[in-house]
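Colleague: Here it is, the structure, as structure tokens.
Residue numbers (our numbering): 80 to 289.
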């Protein structure tokens, strides 16, 4: 079992990275191989450029930096994308990761042949200031689930399961005891989830969790 978490936050000690690490720490305790890909720390280029376009059209090779990233996730049984919600969507660097790395010729093929992620599991771990119930009722959560879960990963990439996890009610920059304790509860829950994923005891994916 291999679990890879991809994070997107420029702050080195962000709760985003802590969330990704908590999931992986729990998975490692459960016996899984783990890897953290910190897109910001690694300086990942999110811009879909002419090399990407040329490859998409079948007129050139996969860009080398993209191929290197694909090598790190191609054998992941679970791929977790961990990111703060910016303007009801994902940070640009995470969108660039999807645009460039989860691409034709790797994650899916034009003729419908299953790609490298087919049959795997995807966890979408979204950090929000708002309550998860608001995301459910406002339509934002449904839009994110449809865009990322149903269309990108289930339809195109043919993954087996997609789950959305809200790390919600966060107060960015608040270092008060109550805020720290609330954050810690989220991290404990993610570590437990990592253990269950590693053990194969995590139930089937649903609309959202926690």
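Even glycine gets a Cβ: it sits at the ideal position worked out from N, Cα and C.
#1: Taking just the CA atoms, how far does residue 208 sit from residue 249?
#2: How many whole angstroms separate the CB atoms of residue 187 and residue 235, which I take to be in contact at a CB cut-off of 8 Å?
#3: Between the alpha carbons of residue 170 and residue 109, how many angstroms are there, rounded?
#4: If you compare alpha carbons, which of 123, 89, 162, 133 is closest to residue 147?
#5: Among 233, 137, 217, 204, which residue has its Cα nearest to the Cα of residue 195?
#6: At what residues does the alpha helix (DSSP H) containing residue 111 begin and finish?
#7: Going by DSSP, name the residue or residues bridged to residue 82.
#8: Which term fits residue 96, buried or exposed, when burial requires 16 or more other beta carbons within 10 angstroms of its beta carbon?
#9: Beta carbon of residue 247, beta carbon of residue 211: below 8 Å?
#10: Please give me, in chain order, every unbroken run of the beta strand (DSSP E) with length at least 3 that falls completely inside the segment 206-268.
#11: Distance, Cα to Cα, residue 160 vs residue 253?
#12: What first and last residue would you give for the alpha helix (DSSP H) that runs through residue 134?
#13: Looking at residue 181: is its Cβ nearer than 8 Å to the Cβ of residue 151?
#14: Looking at residue 238 and residue 198, is the spacing between their C-beta atoms short of 8 Å?
#15: With a Cβ-Cβ cutoff of 8 Å, do residue 204 and residue 177 count as a contact?
#16: Run through DSSP, which three-state label would residue 120 get?
#17: How should residue 165 be labelled, buried or exposed, when 16 other C-beta atoms within 10 angstroms of its C-beta is the threshold for buried?
#18: Among 251, 218, 216, 202, which residue has its Cα nearest to the Cα of residue 228?
#19: Quick one: what does DSSP say residue 199 is sitting in, helix, strand or coil?
#20: Check the C-beta distance from residue 125 over to residue 183 and give it rounded, since I have them as a contact under 8 Å.
#21: In the DSSP output, what is residue 168 paired with across the bridge?
#22: On a Cα-Cα basis, can you pick out the residue from 120, 273, 145 that is closest to residue 128?
#23: Using 8 Å as the threshold, is the C-beta distance between residue 87 and residue 172 below it?
Modeller: Taking the geometry as given:
#1: 4 Å
#2: 5 Å
#3: 30 Å
#4: 123
#5: 233
#6: Segment: none, residue 111 is in no alpha helix (DSSP H) and carries neither H nor E.
#7: 113, 157
#8: buried
#9: yes
#10: 240-246
#11: 24 Å
#12: 129-135
#13: no
#14: yes
#15: no
#16: coil
#17: exposed
#18: 202
#19: coil
#20: With 8 Å as the limit, residue 125 and residue 183 do not qualify as a contact, their Cβ atoms being about 17 Å apart.
#21: 165
#22: 145
#23: yes
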